[in-house]
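Chains as they are written, first to last, in my numbering: chain A, 66 to 154; chain B, 686 to 1101. Heads up, the thing below is written out as structure tokens.
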Amino acid sequence: MRIPCPHCGDRDHREFEYLGSAKLLDRPDNRDAVAFHDYVYLRTNPLGENAELWQHVMGCAAWLYVVRNVTTHEIIGVKLARDVREATR
Amino acid sequence: MHYSALQILKNGLTGNKGWKPVWRNPEPKKSYDIVIIGGGGHGLSTAYYLAKTYGIRNIAVLEKGYLGGGNVGRNTTIVRANYLIDGNLEFYSHSLKLWENLEQELNYNVMLSQRGCLMLAHNDGQYDAMARRGNSNLATGDDAVLMSANDVRAFTPYLNFDDARFPIRGGLLQRTGGTARHDAVAWGYARGADMRGVDLIQNCEVTGFRIESGTIKGVETSRGYIGAGKVGMSVAGRTSQVAEMAGLRLPIESHVLQAFVTEAVKPVIDTVISFGMGHFYISQSDKGGLVFGGDIDGYNSYSQRGNLPMVEHVAEAAMALMPMVGKSRMLRSWGGIMDMSMDGSPIIDKTPIDGLFLNGGWCYGGFKAVPAAGGAFAHLMATGEKADWATKYNLNRFETGHVIDDEGTGPRPNLH
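So this is what it looks like as structure tokens:
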């Protein structure tokens, strides 16, 4: 897999660290135990397209929002995670 | 037919014409008392114990492909019971005891070989952690031998002891661990279940659940609707998809784990060895191939093939640990889809839907768990109670804080 980093260009995925589902961008109020359990532990784990968080640890260190097909490993789209979070606020 | 040396002799002298197909290939009935989804090691062993121990015979196992075609046929065949913490300790201890008697139990040669399972330590911290782990295993009644570097050198002289980066400090050996013939385990349980009247239905994909007022009524399949009193999901790798059809979201991600085998060579490795650095494990199959694996690739995947970086990583670990393997040629590599749970431990529990049960989240541990997981899942489905050896694999443990995190890596499935 090669991931096109918005800052650094097309790079081998070895340069990136995987965190998990992009749902982690949407952190609920931690006083809400039910919502927080869902946030930390539950996953949709879909077939096909999955929105994910990757960090370009061996490059610019930016957190990326990557849409990837988990069946074919095709990278469909990459944005800065910061931009995605600000757009949804 | 009861298998015995006499049968082999008799059939050998009569042109091997007496062997019969080992299981029937029945049409699905309109309904069953219990339907198990998934004809892998876990599903088949569950059906076997339901029929044998609990006397429930009106059972179907629904398999979308062929029996044993999933992870039970794609693993590195290691059997061991050297976990660290409560929940896993008693479970895998029980499983290993069942393994030790499995061939007699099933009248089927699963080729269990208790050749030992050696985990290596490369620094003082790791060595101390192994002493603790070994004590946990001894206290549970399992075997554990803490080995000095010299002990390891005598046991496996071909390792690279003086590697500048990862010198071998010692190891923890479980002499009762080893390997088994993975396909035979599925076939043996399938035969035992079929002999007791269980319908093993292949090429039958579950496409939906029929649930009325919170109670399971049956399953929609590619071969029509099948009614069921109880339904058990045992579909490692696809657990999230099957559960989603019942409206459940689970603490599971699916990841790809690769395994490798070399061309057959003369006997060289007579045990199972785990490298303490880089998660690499190797054994030699009875055919002579060196069978080895490493970590999961590290990102969600439903593709039964991995990427090159992990192939390189595993090959580098192999060369660091035992440079002699560089002379053998890799024959095949393949990938299996793991249910990676949020704490690295499995789930055997009821679901919020009455009559629907879940067995999943096995991470790397599914093969060695086959006997105990089938037994525990059968006990749960037959009696509604948790089996003694699997009381902690609760679905709601993430809500209540009772996670079983053997690796201590937190809710990061790609790190377990």
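No residue lacks a Cβ here, since even glycine has one placed at the ideal position from N, Cα and C.
Only residues of its own chain outside the window of five on either side were considered, and among them Glu80 have a CB closer than 7 Å to the CB of Met123 of chain A, listed in chain order. Lys144 of chain A is positioned such that its CB atom lies closer than 8 Å to that of Pro71 of chain A. For the 8 Å CB-CB criterion, Gly855 of chain B and Ala814 of chain B do not form a contact.
With contact defined as three or more Cβ pairs closer than 8 Å, the stretch 907-927 of chain B and the stretch 1028-1044 of chain B are in contact. With fewer than 16 other Cβ atoms inside 10 Å of its own Cβ, Val953 of chain B counts as exposed. The Cβ-Cβ distance between Leu729 of chain B and Ala871 of chain B falls below 8 Å. In this structure, B:Arg850 is the residue among B:Asn701, B:Arg709, B:Ala1067, B:Arg850 with its C-alpha nearest to the C-alpha of Gly961 of chain B. Just so you know, the alpha carbons of Gly1086 of chain B and Val950 of chain B end up roughly 48 Å apart.
CA-CA distance, Gly1060 of chain B to Leu694 of chain B, rounds to 34 Å. At least one C-beta of chain A is nearer than 8 Å to the C-beta of Gly983 of chain B. Taking C-beta atoms under 8 Å as the contact rule, Pro1031 of chain B and Gly1050 of chain B qualify, at a distance of about 7 Å. Three or more Cβ pairs drawn from the stretch 1011-1031 of chain B and the stretch 983-1000 of chain B lie within less than 8 Å of each other, which places the two stretches in contact.
Between Leu823 of chain B and Leu857 of chain B, the CB-CB gap reaches or exceeds 8 Å. Counting the other CB atoms within 10 Å of its CB gives Lys749 of chain B a total of 16 or more, which places it among the buried residues.
By the neighbour-count criterion, in which a residue is buried when 16 or more other Cβ atoms sit within 10 angstroms of its Cβ, His940 of chain B is buried. Within 10 angstroms of the beta-carbon of Ala152 of chain A lie fewer than 16 other beta-carbons, which makes it exposed. Linking Asp148 of chain A to Ile967 of chain B through their CA atoms gives a straight-line distance of about 45 Å. Residue contact check for Val132 of chain A against chain B: no CB pair falls below 8 Å.
Taking CB atoms only, Glu114 of chain A has no neighbour in chain B less than 8 Å away. Under DSSP, Trp128 of chain A shares a beta bridge with A:Gln120. For a cut-off of 8 Å, the C-beta gap from Asp1028 of chain B to Asp955 of chain B is around 34 Å, too long to register as a contact.
If you look at Lys782 of chain B, you'll find it in the alpha helix (DSSP H) that goes 773-785.
Counting the other Cβ atoms within 10 Å of the Cβ of Ile141 of chain A gives fewer than 16, which makes it exposed. In this structure, Asn110 of chain A lies near Ser925 of chain B, with their beta-carbon atoms less than 8 Å apart. Gln887 of chain B sits in coil when the DSSP states are folded into three classes, being neither helix nor strand.
Scanning B:Met1066, B:Ser986, B:Leu1043, B:Leu1006 for the CA closest to the CA of His138 of chain A turns up B:Ser986.
Assigned with DSSP and collapsed to three states, Ile141 of chain A falls in strand.
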